[in-house]
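Enquirer:
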Amino acid sequence: MERNFNLNLKKNNFFKLCFISIIIIFLIILIIVGNLKKNNEEKDDKFRILTSFYPLYIMVQNITNDANNVEVSNMAEKFTGCIHDYTISTTDLKKFEKANVFIENGRNLENFTEKIISIYPKVEIIESSENISNFIEEDDEINPHVWLSIENYIMQIRTITEKLEKMNPENMEVYSKNSNDYIEKLEELKPDYEVINNIKDKKAICLNESLEYLLKDASIEVTSIETDHEQSVLSAKVLGNIIDKMKRENIKVIFIDKDDDTKTAKILENETGARVYVLNSEMNGNGSKDDYINIMKENIEILKNIKYL
Ligand SMILES: [Zn+2]
Numbered sequence: 003m004e005r006n007f008n009l010n011l012k013k014n015n016f017f018k019l020c021f022i023s024i025i026i027i028f029l030i031i032l033i034i035v036g037n038l039k040k041n042n043e044e045k046d047d048k049f050r051i052l053t054s055f056y057p058l059y060i061m062v063q064n065i066t067n068d069a070n071n072v073e074v075s076n077m078a079e080k081f082t083g084c085i086h087d088y089t090i091s092t093t094d095l096k097k098f099e100k101a102n103v104f105i106e107n108g109r110n111l112e113n114f115t116e117k118i119i120s121i122y123p124k125v126e127i128i129e130s131s132e133n134i135s136n137f138i139e140e141d142d143e144i145n146p147h148v149w150l151s152i153e154n155y156i157m158q159i160r161t162i163t164e165k166l167e168k169m170n171p172e173n174m175e176v177y178s179k180n181s182n183d184y185i186e187k188l189e190e191l192k193p194d195y196e197v198i199n200n201i202k203d204k205k206a207i208c209l210n211e212s213l214e215y216l217l218k219d220a221s222i223e224v225t226s227i228e229t230d231h232e233q234s235v236l237s238a239k240v241l242g243n244i245i246d247k248m249k250r251e252n253i254k255v256i257f258i259d260k261d262d263d264t265k266t267a268k269i270l271e272n273e274t275g276a277r278v279y280v281l282n283s284e285m286n287g288n289g290s291k292d293d294y295i296n297i298m299k300e301n302i303e304i305l306k307n308i309k310y311l
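Going by our numbering, the sequence shown opens with residue 3, and the numbers climb by one from there.
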C-alpha cells in the first residue's frame, strides 16, 4: 500500500514535470515566433531605395547618409559599362520586389523602366534628369549622359532630394542637410573650370558620348563622333572623314573614356599627330561617397594640362 502510494506520488510528480516542461517549451516557441515576426516587420519597415547605376548610387549614398531605416542598393552592381547598353536580368528584377523607390537617370538611358513599371506597379520611380533643360542635342536626339556636368549633377541631387523628402518624410531633415552639404562640396569644383575656360582655341574630337557634358562645361569645341561607347563600329569611311577634319582644322586632341578600346583612337593619333587623353565617365568606381568628386578632380586636372596646339 505504501509502495503504491509512493509510486503514485512519483507518477504525479512525473506528470507535473512533463506538464511544466511542455508549458515552458510552448512559451519558448511563442517567444521565438514572436521575435521572428517582429524582425520581419522591422525589415518591412525599411525604406528601400534602388538606384539604376553607379553615378546615381554615389549620389544617393550622399543624400541618405545617416538616414534612419533606409537601405540603398544599386541595381547594375557589377556592370562596368553604360547603363544604356544594359540587359536587365531575373536577378535584377528580384531586387524590385522589396524596393520602395527606383531612382533612374531617365531620358531613355534605362530602356527597361517600362518593363519594371508593368511588373512592379507599386515601385515609385524618380527620374533624376526630370528638371534638366540644357541638353546636348544632335539630329533632334538628346544626349542623356548628363551626370558629368556639375550643374546637371546638382540638378539631379535637388530633384532626388525633393522627391525622397515627400516619400520618406521621417528623414526629411537628414536628406535636406546632406543634400546641401554635398552640393556645397560640388560647388567648390567650379573655380577650376574658370582656369580651363581661359585656355584659348580648345578643339577636340570626342569618341565617347558620356564625356560630352564635361567637355561642354569646360567650353571645349568638340566634334563628337557617335560611337555608342564602341569605337570599333566606326567604318573606314567615317574614320577617313574624321582624319580629314582633324587635319583641316588642326585638331590635336582626342578624348576617350578609361574603359574604351583604344584602337580607333590610336589610328587617329598616328594619322594626325594628335594626342589621346583618357577621361573617366564614372560608370564604375571604388564605391566611396567621395568617388564622384575625386574622379571629377582627376578629370579637371587632365583638362587643365592639355596642349591644344
Ligand atoms: Zn550610354
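A virtual CB, placed ideally from N, CA and C, is assigned to each residue, including glycine.
Under DSSP, the beta strand (DSSP E) around Ile256 begins and ends at which residues?
Expert: Per DSSP, Ile256 belongs to the beta strand (DSSP E) from 255–259.
Enquirer: Would the C-beta of Ser54 count as close to ligand 1, meaning under 7 Å from any of its heavy atoms?
Expert: Result no, Cβ not under 7 Å from ligand 1.
Enquirer: Checking the sheet assignment: what are the DSSP bridge partners for Lys205?
Expert: For Lys205, which the question treats as bridged, DSSP gives the partners Glu223.
Enquirer: Please work out which residues of its chain come closer than 6 Å, Cβ to Cβ, to Arg50, disregarding the five sequence neighbours upstream and downstream, and give them in chain order.
Expert: Counting only Cβ-Cβ distances below 6 Å, and skipping sequence neighbours, we find Glu73, Lys100, Ala101, Asn102.
Enquirer: Quick one, which of Asn70, Asn252, Phe55 has its alpha-carbon nearest Arg277's?
Expert: The candidate whose alpha carbon is nearest that of Arg277 is Asn252.
Enquirer: Where Ile258 and Glu273 are concerned, what is the direct C-alpha to C-alpha distance, given to the nearest angstrom?
Expert: Their backbone Cα atoms lie some 17 Å apart in a straight line.
Enquirer: Does the count of Cβ pairs from the segment 158–170 and the segment 113–129 closer than 8 Å reach three?
Expert: Verdict: yes, contact present.
Enquirer: Under 8 Å Cβ to Cβ from Ile295, same chain only, skipping five residues before and after it: list those, please.
Expert: Cβ neighbours of Ile295 beyond the five flanking positions: Lys187, Leu188, Leu191.
Enquirer: Where does Tyr88 sit, in a helix, a strand or coil, going by DSSP?
Expert: Three-state result, Tyr88: coil.
Enquirer: Considering only the beta carbon of each residue, do Ile162 and Val280 sit closer than 8 Å?
Expert: The answer is no: Cβ separation not under 8 Å.
Enquirer: Which residues have their C-beta within less than 5 Å of a heavy atom of ligand 2, listed in chain order?
Expert: Ligand 2 is absent from the structure shown, which contains only ligand 1.
Enquirer: Given Tyr59, which residues of its chain have a CB within under 6 Å of its CB, disregarding the five upstream and five downstream residues?
Expert: The residues are Thr53, Asn76.
Enquirer: Taking the alpha-carbon positions, what's the Glu223 to Leu236 distance?
Expert: Roughly 21 Å between the two C-alpha positions.
Enquirer: Can you tell me whether DSSP reads Glu44 as helix, strand or coil?
Expert: Confidence at Glu44 is low in this model, with a pLDDT of 49, below 50, so the placement of that residue should be treated as unreliable; the coordinate-derived value is given next. Reduced to three states, the DSSP call for Glu44 is helix.
Enquirer: Taking the beta strand (DSSP E) that Tyr155 belongs to, which residues open and close that run?
Expert: Tyr155 -> not in any beta strand (DSSP E); alpha helix (DSSP H) instead, spanning 152–169.
Enquirer: Within the continuous alpha helix (DSSP H) that includes Asn138, where are the two ends?
Expert: Sequence inspection shows Ile at residue 138; the Asn mentioned does not correspond to that position. It is not in any alpha helix (DSSP H) - Ile138 carries neither H nor E in the DSSP assignment.
Enquirer: In terms of alpha-carbon separation, which member of Phe81, Lys249, Met285 lies closest to Lys260?
Expert: For Lys260, the nearest C-alpha among the options comes from Met285.
Enquirer: By how many angstroms is the C-alpha of Phe137 removed from the C-alpha of Val240?
Expert: Between Val240 and Phe137, the C-alpha separation is close to 25 Å.
Enquirer: What's the gap between the Cα of Lys299 and the Cα of Asp246?
Expert: The straight-line gap from Cα to Cα measures roughly 33 Å.
Enquirer: Give the C-beta separation of Asn180 and Asn67 to the nearest angstrom, bearing in mind that I take them to be a contact with Cβ-Cβ under 8 Å.
Expert: Confirmed, about 5 Å.
Enquirer: How many angstroms separate the CA atom of Asp94 from the CA atom of Leu111?
Expert: About 17 Å.
Enquirer: Taking all protein chains shown into account, do 16 or more other C-beta atoms lie within 10 angstroms of the C-beta of Pro123, making it buried, or fewer, making it exposed?
Expert: By the neighbour-count rule (16 or more Cβ atoms within 10 Å), Pro123 is not buried but exposed.
Enquirer: Residue ranges of each beta strand (DSSP E) run of no fewer than 3 residues wholly in the segment 226–283, ordered along the chain?
Expert: Whole beta strand (DSSP E) segments, 3+ residues: 255–259, 277–281.
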